[in-house]
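> In terms of the UniProt record's numbering, the sequence shown is residues 1 to 80.
Structure provided below as structure tokens; questions to follow.
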Amino acid sequence: MTLELQGMGASFDDDVLATTGKSDLGVKLFINGVDWPLNTPVRFTYPSLPVVQAVPVKRAGSTLTSGAFSAAGTLVVKWQ
């Protein structure tokens, strides 16, 4: 099986999920504790399920202001 998060990359890093409302903010993904670039399928074998984590990250050298933001992507699971 494969797992993939499809979405638009942040303006400062295509491997990070873009956010709305904060152009210097993105969401970095990890799978089983390892970097998981956006739009990259990862193989796994059921019943062993992957652990997915999402962490907010900012553009290097930027200063973020408080306020709301959102991010959206599509999680795709494929059988093979």
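The C-beta atom is built at its ideal place from N, Cα and C for all residues, glycine as well.
Just so we're clear, the structure is a prediction, and the values are computed from it rather than from any experiment.
1. Going straight from the alpha carbon of V52 to that of F12, what length do you get?
2. If you draw a straight line from the alpha carbon of I31 to that of A54, how long is it in whole angstroms?
3. Please classify T63 as buried or exposed, where buried requires at least 16 neighbouring CB atoms within 10 angstroms.
4. Which whole-angstrom value is the C-beta distance of P50 and F44, which I expect to be below 8 Å?
5. Just the Cα atoms here: how many angstroms apart are Y46 and M1?
Put simply:
1. As a working mapping, residue 52 is identified with position 52 in the sequence shown. As a working mapping, residue 12 is identified with position 12 in the sequence shown. Distance between the alpha carbons of V52 and F12 is about 22 Å.
2. Locating residue 31 in the sequence shown gives position 31, counting from the first residue. Locating residue 54 in the sequence shown gives position 54, counting from the first residue. Rounded to the nearest angstrom, the two C-alpha atoms are 9 Å apart.
3. Translated into the one-based positions of the sequence shown, residue 63 becomes position 63. By the neighbour-count rule (16 or more Cβ atoms within 10 Å), T63 is not buried but exposed.
4. The residue labelled residue 50 in the question sits at position 50 within the sequence shown. The residue labelled residue 44 in the question sits at position 44 within the sequence shown. Contact flag correct, Cβ pair sits at about 5 Å.
5. Translated into positions along the sequence shown, residue 46 becomes position 46. Translated into positions along the sequence shown, residue 1 becomes position 1. About 7 Å.
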